[in-house]
Amino acid sequence: MDAADTRTFEVRGMTCATCAKRVERALSKIEGVERCEVDLVRERARVTSRADVTTETLVQRVEALGYGLAPIDVAAPARARSLRPESSRAGIALVLAALAMGAAMIPGVPGAPWLEIVLAALATFGPGWPILRKAAREAVAREASMDTLVAIGALAALGVSLAIALRHLGHAMHVHTYAETAAMIVAFVLTGRALEERAKQRATAAIRALAALRPTTARVVRHGVEAVIPASELRPGDEARVGAHERIPADGTVLEGEAWIDESWLTGESVPVRRAAGDRVLAGTLAAGTALRIAVIAAGEGTELARVERLVERAQASRAPIVRVADRVSAVFVPVMIAIAGVTALSWWLLGRGVEPALIAGVSVLVVACPCALGLATPTAITVAIGRAARHGILVRDAAAIEALARVQVVALDKTGTLTEGRPELVRAHGIAGQDDVAALRLAAAVELLSEHPIARAIVDGAMAKKLDVPDAHEVIATPGVGVRGIVEGHAVEVRSIDETIAASLDPAARASLDADRADASTVVLVRVDERPAALCAVRDVLREGSADAIAALRALGLDVHLLSGDHASSARAIAHELGLREDEVRAGMRPEDKSEALASLRARGPVAMVGDGVNDAPALAAADVGIAMGSGAAAAVESAGVTLAQPAPARIAEAVALARATMRVVRQNLGWAFGYNLVAVPFAALGGFGLVAGTSGPALAAGAMAMSSVTVVLNSLRLGAQRLGRDRDMP
């Protein structure tokens, strides 16, 4: 079986959700294509297929529908598509429409109706030709879209005008035609699309802003010689040089120099951070200070910047569950509107109102109907929100995560690494029953040496600080939520958490030390050597700055907040007191499976978000309605989460919830507008409202209303990018 191959393409010529569905359906039907997703807002198609499915096959299938398909180099910087063609066509159409209207108003001039028809035909078959061509191809394929409605409306107005002029040929100087209506329909539709494209580009600006951070060149030292090369050619192990006020071309470690680094693209914080020898720096960050020498760790598509770009791009292309209703309506929208327009025109004619009112009403229905607003309602808001979140260091995996986060009523927080710094320090080691605490610490450090757990790092660092010779360990086995064991110098060594059964088995002196350390908010683990208690190791973490304020901010959003901790109840209560949490909001002594069970019970109060950073938290993050991982945490936690905070700042949790709520509020506003507009505008047109308001220019007015409907949805979504992140009431 051939391996799956995923490719990204630019799709040109889509104007509404129906277009996107046509392209998606056509590509999905190609043999060997396993999955296809088409994004109307970003004009992208992401195709997963067997490797033997050629790009030419995909391109030909889409071009047969009247659209364009071009491969995109995902490693190349994203650029804004030129809006000049849309703007030019709209401008020419507006000029021709204005001239046609002028010709219609010229009194007593021979040939004025024919001049009007010629100008309208130039507008319809000139700037409007892409609309007609696509509508014709859709008709051949027995399909329909927004272009079908516009084409039928414009051609109907133009055809009737030509018939009227021919009928009065040579003996009527003041005959009125509807030619200017055809020109105005095309002009208004093209103008609306140009405005819509401009707004959509603003909505997708975030991914281009990230891509613009990539330096195109880098100064590299190879074999003692400095050279300037494309940044994409850097390799791990290279030595790169970065001058003051230059962007760092790759992820790496500082070898020499000191600089203040602007990492705002990742963390959302505008305050530069100091980086010196031994510190890690990231591609795309801006250095200010002395020149730096860095050892390249990752370059090109392997950098953190590239990873974030891919994450944002995939998230913006994803679909929220709420969009399903709009998709179902869009699938049948155009055929239904054509039928309604036909019934409307026929009804007016049968009622004896004459051909002219019937034409105005029928064409008005065709051009006022707007499936575009339905198709844009959700994706534009999601795209803007994900880009906005990324600029503030909140990385969203997909649109479903935003929808889930907006519904959250309960937030469960892990302690270590989430509300605390995640860098606990060894406070003390107590020998038990005369055992040597230093010897026990040395053995404990051996089995913990390769662990990522914060407590393990504290024990290892404590041993190193005492300059102990840490031996090798063998047959090391880690049990999440319990501890780690292995063989060291022939001894069976275990470092584990202390439950009540183990605590009760300790001698009185050890039990007293245990209780004292726990009351001091320390986490205590037991070291056993050859099944005998050897020492107690107490480690203590400090609260992250702003943790208490973050919990207050979550409560201000009306959320229930709970602390889930693997610590003993005494330690957990001490931390909870500092955070302002009540005892009934704290659950202590929890193993990974206990946290998942706790989430199930908390779900009775509403959808639950779990926030954590460790390997132990991965099951709970996956079990929650939405998981939020601290970016500094373990890879397993980040992979299990729907949202990742690039900077381990608890304040971002409330900001993420507020942004998600605001996003779904805008989505509902957009959908309400899109459905409401069509529910009002279509009957209004069918009953002759546009003809009553604007006379023979009624269809043109209807076309203008349709164009502005789509623009309104996109502009409403853009408000998400203008509001400051903060409490829910500060958002749209």
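For the sequence shown, position 544 matches number 659 in the working numbering, and the numbering has no gaps at all.
Positions of the beta carbon are idealized from the N, C-alpha and C atoms, including for glycine.
Nothing here was measured: the structure is a model prediction, and the numbers come from that model.
Rounded to the nearest angstrom, what separates R395 and R522 at their Cα positions? By one-based count along the sequence shown, residue 395 stands at place 280. By one-based count along the sequence shown, residue 522 stands at place 407. Using only the alpha carbons, I get a separation of about 37 Å.
Since I believe T778 is in contact with A320 (beta carbons under 8 Å), could you give me their beta-carbon distance rounded to a whole number of angstroms? Position 205 of the sequence shown, counting from 1, holds the residue named residue 320. Position 663 of the sequence shown, counting from 1, holds the residue named residue 778. Rounded, the Cβ-Cβ distance is 16 Å, inconsistent with contact.
Per DSSP, which one or two residues make a beta bridge with F124? If you number the sequence shown from 1, residue 124 lands on position 9. The partner list for F124 (beta bridge, DSSP) reads A160, P186.
Check whether the Cβ atoms of E295 and A212 lie closer than 8 Å to each other. In the sequence shown, the residue the question calls residue 295 occupies position 180. In the sequence shown, the residue the question calls residue 212 occupies position 97. In contact: E295 and A212 (Cβ atoms closer than 8 Å).
Taking 8 Å as the cut-off, does the segment 651 to 671 touch the segment 755 to 766 (at least 3 CB pairs, one atom from each stretch)? yes
If we call anything under 8 Å between Cβ atoms a contact, is E563 one with V610? As a first step, residue 563 must be located in the sequence shown, where it is residue number 448. As a first step, residue 610 must be located in the sequence shown, where it is residue number 495. In this structure, V610 lies closer than 8 Å to E563 by Cβ.
Proximal residues to A208 (C-beta, below 8 Å), its chain only, five neighbours per side dropped: The count along the sequence shown starts at 1 and reaches residue 208 at position 93. Taken in chain order, the residues that qualify are A238, G241, P242, G243, A298, V301, A302, L305, T306.
At what residues does the alpha helix (DSSP H) containing G457 begin and finish? Here residue 457 refers to the residue found at position 342 of the sequence shown. Taken as a continuous stretch (DSSP letters only), the alpha helix (DSSP H) holding G457 covers 438 to 465.
Mapping the DSSP letters down to three states, classify T638 as helix, strand or coil. Walking along the sequence shown from the start, residue 638 turns up at place 523. T638 falls in the strand class under three-state DSSP.
Close Cβ partners of T170 (< 6 Å) along its chain, the five nearest in sequence each way excluded: Here residue 170 corresponds to residue number 55 of the sequence shown, with the count starting at 1. If we look at T170 and ignore the five residues flanking it on each side, its Cβ neighbours are P186.
V639 beta carbon less than 8 Å from that of I617: As a first step, residue 617 is located in the sequence shown; it is residue number 502 there, counting from the start. As a first step, residue 639 is located in the sequence shown; it is residue number 524 there, counting from the start. No, these two residues do not count as a Cβ contact at 8 Å.
Identified DSSP bridge partners for T594: As a position in the sequence shown, residue 594 is number 479, starting the count at 1. Bridge partners of T594: G598.
If you reduce the DSSP assignment to three classes, tell me which class I376 lands in. In the sequence shown, the residue the question calls residue 376 occupies position 261. Correct three-state label for I376: strand.
7 Å CB neighbourhood of L277 in its chain, flanking five on each side removed: On the sequence shown, residue 277 is found 162 positions in, with the first residue counted as 1. Within the same chain, L277 has close Cβ partners I232.
DSSP beta-bridge partners of E419: Position 304 of the sequence shown, counted from the first residue, corresponds to residue 419. According to DSSP, E419 bridges with nothing at all.
Within this structure, are the beta carbons of L696 and V676 separated by less than 8 Å? For this step, residue 696 is matched to residue 581 along the sequence shown. For this step, residue 676 is matched to residue 561 along the sequence shown. Taking 8 Å as the Cβ cut-off, L696 and V676 qualify as a contacting pair.
Work out the CA separation of A820 and S711 for me, nearest whole Å. Here the question's residue 711 lines up with position 596 in the sequence shown. Here the question's residue 820 lines up with position 705 in the sequence shown. Rounded to whole angstroms, S711 to A820 spans 52 Å at the Cα level.
Cα-Cα separation between V483 and R308, rounded to whole angstroms: For the purposes of this step, residue 483 is taken as residue 368 along the sequence shown, with counting starting at 1. For the purposes of this step, residue 308 is taken as residue 193 along the sequence shown, with counting starting at 1. Their backbone Cα atoms lie some 14 Å apart in a straight line.
Pick out whichever of S686, A548, V553 has its Cα sitting closest to the Cα of P623. What you label residue 623 is simply residue 508 of the sequence shown in a count that begins at 1. Comparing Cα positions, the closest option is A548.
Buried versus exposed, by CB contacts within 10 Å (16 or more), M452: As a first step, residue 452 must be located in the sequence shown, where it is residue number 337. M452 should be labelled buried.
To test your reading of the DSSP string, which unbroken beta strand (DSSP E) runs of 3 or more residues are found completely within the segment 734 to 818? 741 to 745, 758 to 760
For chain C, is any of its Cβ atoms less than 8 Å away from the one on R389? No chain C is present in this structure, which holds just one protein chain.
Using 8 Å as the threshold, is the C-beta distance between A527 and L736 below it? Residue mapping note: residue 527 aligns to position 412 of the sequence shown, counting from 1. Residue mapping note: residue 736 aligns to position 621 of the sequence shown, counting from 1. Against a cut-off of 8 Å, the Cβ pair of L736 and A527 comes out as no contact.
Classification of S620 by the beta-carbon crowding that lies within 10 angstroms, buried from 16 upward: Residue 620 sits at position 505 when you count from the first residue of the sequence shown. Counting Cβ neighbours within 10 Å, S620 comes out exposed, since fewer than 16 surround it.
DSSP bridge partner residues for C485 (one or two, in chain order): What you label residue 485 is simply residue 370 of the sequence shown in a count that begins at 1. Partner(s): none; C485 has no beta bridge.
On the DSSP bridge list, what partners appear for S612? Translated into positions along the sequence shown, residue 612 becomes position 497. S612 is bridged to V640.
Judging by CA-CA distance, which residue of A326, S347, D353, P345 is the nearest neighbour of G339? Against the sequence shown, residue 339 aligns to sequence position 224. Selected option, being the one with the closest Cα: D353.
Tell me the rounded alpha-carbon separation between A773 and S832. On the sequence shown, position 658 is the one that residue 773 refers to. On the sequence shown, position 717 is the one that residue 832 refers to. C-alpha separation (whole angstroms): 15 Å.
Compute the Euclidean distance between the alpha carbons of P200 and E312, then round it to the nearest angstrom. To locate residue 200, count along the sequence shown from 1; it is residue 85. To locate residue 312, count along the sequence shown from 1; it is residue 197. Approximately 11 Å, taken between the alpha carbons.
Quick one: grab the DSSP three-state call for H606. Mapped onto the sequence shown, residue 606 falls at position 491. Strand at H606.
Buried or exposed for A837, going by 16 or more other Cβ atoms inside 10 Å? Within the sequence shown, the letter at position 722 stands for residue 837. Its Cβ having fewer than 16 others within 10 Å, A837 is exposed.
Could you spell out the range, first to last residue, of the beta strand (DSSP E) harbouring C151? The residue given as residue 151 occupies position 36 in the sequence shown. Counting along the chain, the beta strand (DSSP E) containing C151 begins and ends at 148 to 154.
Output the distance between the C-alpha atoms of A190 and L672, rounded to the nearest integer angstrom. Taking the sequence shown and counting its residues from 1, the one referred to as residue 190 is at position 75. Taking the sequence shown and counting its residues from 1, the one referred to as residue 672 is at position 557. Model confidence at A190 stands at a pLDDT of 45, short of 50, so the residue's coordinates are unreliable; what they give is reported in the following sentence. Approximately 40 Å, taken between the alpha carbons.
Nearest to P539 by CA position, among L558, L658, V369, is which residue? The sequence position of residue 539 within the sequence shown is 424, counting from 1. The candidate whose alpha carbon is nearest that of P539 is L658.
Closer than 6 Å by C-beta to R706: which residues in its own chain qualify, once you throw out the five before and the five after it? Chain order, please. Position 591 of the sequence shown, counted from the first residue, corresponds to residue 706. Taken in chain order, the residues that qualify are G596.
Are at least three pairs of beta-carbons, each pair with one atom in the segment 372 to 380 and one in the segment 405 to 413, less than 8 Å apart? yes
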